[in-house]
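Trainee: Quick one: structure below, then a few questions.
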Amino acid sequence: MAMLLGFSPKFGALIHTIPSPVIGGASIVVFGLIAVAGARIWVQHRVDLSQNSNLIMVAVTLVLGAGDFALTLGGFTVGGIGTATFGAILLNALLSRRKGDEAQGEAITPST
Numbered sequence: 049m050a051m052l053l054g055f056s057p058k059f060g061a062l063i064h065t066i067p068s069p070v071i072g073g074a075s076i077v078v079f080g081l082i083a084v085a086g087a088r089i090w091v092q093h094r095v096d097l098s099q100n101s102n103l104i105m106v107a108v109t110l111v112l113g114a115g116d117f118a119l120t121l122g123g124f125t126v127g128g129i130g131t132a133t134f135g136a137i138l139l140n141a142l143l144s145r146r147k148g149d150e151a152q153g154e155a156i157t158p159s160t
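Here you go:
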């Protein structure tokens, strides 16, 4: 529905009459709700943030996304959300592999 309204010049003119501070305040509320919804997902799935690997993934992803860290490779630019997503996927792959190596090392180590 919002996409269809975006093609209407009259609707665009109506939105343009809203003062910038009102749009800014609404943006703060919307982005805050999105962040809290993400945190709620972590709580519902019982993500253990006492593990350093989980904490690092969450911290890096939040900083890259909230800081709108753009990554440019050649003529291709990825915005903050995309960079945060790719960073989370890469960190998950690297840190999960490391956890697997540590688990194998513990299994091989004889108990005393």
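Take the sequence shown: its letters are residues 49 to 160, numbered as in this note's numbering.
C-beta atoms are modelled at their ideal positions from N, C-alpha and C, and glycine is treated no differently.
Just so it is clear, the structure is predicted and the values come from calculations on it, not from any experiment.
The alpha helix (DSSP H) that contains phenylalanine 117, what's its start and end?
Mentor: No alpha helix (DSSP H) holds phenylalanine 117; DSSP gives it neither H nor E.
Trainee: Would you list the residues sitting across from alanine 126 in a DSSP beta bridge?
Mentor: Position check: residue 126 holds valine in this sequence, whereas alanine was assumed. DSSP, once it has assigned bridges, lists Leu119 as partnering valine 126.
Trainee: Using beta-carbon positions only, say whether leucine 139 and isoleucine 104 come within less than 8 Å of one another.
Mentor: Yes. Within cutoff.
Trainee: Isoleucine 63 by DSSP, collapsed to three states: which one?
Mentor: Looking at isoleucine 63 - three-state DSSP - the assignment turns out to be helix.
Trainee: Out of Leu110, Gly127, Val70, Gln99, state which residue places its alpha-carbon closest to the alpha-carbon of isoleucine 165.
Mentor: Outside the displayed span of the chain (49 to 160) sits residue 165, for which this structure offers no information.
Trainee: Taking the beta carbon of alanine 74 as the centre, do at least 16 other beta carbons fall within 10 Å, making it buried, or is it exposed?
Mentor: It counts as exposed.
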